[in-house]
Amino acid sequence: MMKAEKGSEIITTICEYENSVAMPDNERLTYLDTCGIAHIKDGNGNVKAQEAYANRCSEYLRFGHEVDLAACGAYSPYDALKVCDTPEIFLKTGFEQRPMLYTQKHLFQALTPKSDYNPHRHGFSIEQVKRFPELLASPVVLANSPTRDDVLLAILLATDAYDTPLIAGIKPDGTGNYGEREVETNMVLSVYSRQNFIRYFALLRDMDAFVFVSGRKIEALEDLSGLPLAENCSGLDIDRILQRPKCLG
Numbered sequence: 173m174m175k176a177e178k179g180s181e182i183i184t185t186i187c188e189y190e191n192s193v194a195m196p197d198n199e200r201l202t203y204l205d206t207c208g209i210a211h212i213k214d215g216n217g218n219v220k221a222q223e224a225y226a227n228r229c230s231e232y233l234r235f236g237h238e239v240d241l242a243a244c245g246a247y248s249p250y251d252a253l254k255v256c257d258t259p260e261i262f263l264k265t266g267f268e269q270r271p272m273l274y275t276q277k278h279l280f281q282a283l284t285p286k287s288d289y290n291p292h293r294h295g296f297s298i299e300q301v302k303r304f305p306e307l308l309a310s311p312v313v314l315a316n317s318p319t320r321d322d323v324l325l326a327i328l329l330a331t332d333a334y335d336t337p338l339i340a341g342i343k344p345d346g347t348g349n350y351g352e353r354e355v356e357t358n359m360v361l362s363v364y365s366r367q368n369f370i371r372y373f374a375l376l377r378d379m380d381a382f383v384f385v386s387g388r389k390i391e392a393l394e395d396l397s398g399l400p401l402a403e404n405c406s407g408l409d410i411d412r413i414l415q416r417p418k419c420l421g
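With the sequence shown counted from 1, adding 172 to any position gets you the numbering used here.
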């Protein structure tokens, strides 16, 4: 492939992903000119880094396509969706490399509007769900669940419609169906938000539940949510694995 063609493919892939998740302009790497042609904002940026990001975007788009198929009833009713391969930060805590699956039941719960009658519904948009692989790859916090010893919580750099941070529950070493066969998986049980988040976050700190905390991302989530999160992380050894997750035994 010619260099110019390769560069165009990189830009197109990144732009397609950014469009698919309705990414805000201040987060986008690409922009459209007056003719509708996509360009990289930083024309002198690191080409290898852009290519690596485009490869990740291609995988994010694969998950997004599965979400679209499931949402319109065209996905195999027996299969879960593959969110992503297990991200590096989870491997550093001791997780095995397995696909992270997400059942269609949990997808539909995520997409169904939240109400007092449906407390397990989350009211996420399709675009929010399609960002799950990207968000899981770079979590704000990993923490032991205070209620389930077999689950690791990942606090994500994203909020719901009420500016409450999102939490993913991950159960390692399970099984699920994907590609019409049973596979080993680190299962994404649910992605949700919860009321009184700051109280819950303080509880995790008091229980010594934190497994990993990203200093840069905790500040970013504080800005995004308007919640005083950083003060609950004072004294922690930031940006390193603090303990082995309980769910790994």
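Note that beta-carbon positions come from the ideal geometry of N, C-alpha and C, so glycine has one too.
For D378, the enclosing alpha helix (DSSP H) starts and ends at 369–378. Between K343 and D322 a beta carbon distance of about 6 Å is seen, short of the 8 Å cut, so the two are scored as contacting. Nearest in C-alpha terms to P400, of all of R416, S386, A374, A381, is A374. For L279, the enclosing alpha helix (DSSP H) covers residues 276–283. Within the same chain, and ignoring the five residues on either side of I410 in sequence, the residues whose Cβ sits closer than 6 Å to its Cβ are V385, G387.
Nearest C-alpha to A309 among R377, A242, Y232: Y232. The closest CA to that of E260, considering only G236, I390, E306, is found on E306. Here DSSP, grouped into helix, strand and coil, assigns T347 to strand.
Per the coordinates, the alpha-carbon of Q281 lies some 27 Å from the alpha-carbon of I390. Closest option to P249, judged by alpha-carbon separation, among G351, L328, G215: G351.
If you compare the alpha carbons of D395, I182, L324 with that of R228, the shortest gap goes to I182.
Annotated three-state conformation of D197 is helix, per DSSP. Closest option to A315, judged by alpha-carbon separation, among L414, C207, P285: L414.
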